[in-house]
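The working numbering numbers the first residue of the sequence shown as 51 and each following residue consecutively. As structure tokens, the structure follows; a few thoughts come after it.
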Amino acid sequence: MATPGKMIICCQSFRAAGDPKGICHKQTDGFLQYIEEEILDRGLDALVVATTCLKQCESGPIMVIQPDNYWYKGVDSEEAIDEILDALEEGEQCADYAL
């Protein structure tokens with residue numbers, strides 16, 4: 051299996067034991083599966099990854115696309131995800147959600 055061209059990182063608010071979780075996981079139920087399905091439907095060369103807290107709780111939910119280093123804030127709906135993936139397909143950053 052070849053390594054993917056892009057990695058889509060989604061904050062899931064995981065923190066060290068004892069620290070309270072952030073907010074991203076509370077607002078993104080089902081989004082990882084939705085993003086994975088969209089990637090497959092669009093034929094994008096990308097991998098979806100759930101991650102620990104990205105320390106941007108005030109702007110969450112957060113999504114990051116690497117290696118482009120595009121950070122997105124307020125990714126709280128399928129519409130937001132669609133806009134971000136549309137821009138990714140065009141090789142651009144989605145300005146509406148840029149952090």
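Using N, Cα and C, we set each Cβ at its ideal position, and we do this for glycine too.
Query, Result
"With a threshold of 6 Å on Cβ separation, who are the neighbours of E88 within its own chain once the five nearest residues in sequence on each side are excluded?", "L135"
"Hey, D146 and E133 are a contact pair by Cβ (cut 8 Å); roughly how many whole angstroms apart?", "6 Å"
"Is it the case that the Cβ atoms of K56 and I115 are separated by a distance below 8 Å?", "yes"
"If distances are taken between C-alpha atoms only, which option among E140, T53, V98 and P54 comes closest to L82?", "V98"
"What are the residues that DSSP puts in a beta bridge with C60?", "A100 and M113"
"In the DSSP assignment, find the beta strand (DSSP E) that holds Y147 and state where it starts and stops.", "Looking at the DSSP string, Y147 is not in any beta strand (DSSP E), and its letter there is neither H nor E."
"Enumerate in chain order the residues of its own chain whose CB-to-CB distance from M113 is below 6 Å, with the five nearest sequence positions on each side excluded.", "C60, Y122 and V125"
"So, for Y84: in the same chain, excluding its five sequence neighbours on each side, which residues have a beta-carbon less than 7 Å away from its beta-carbon?", "E128 and I131"
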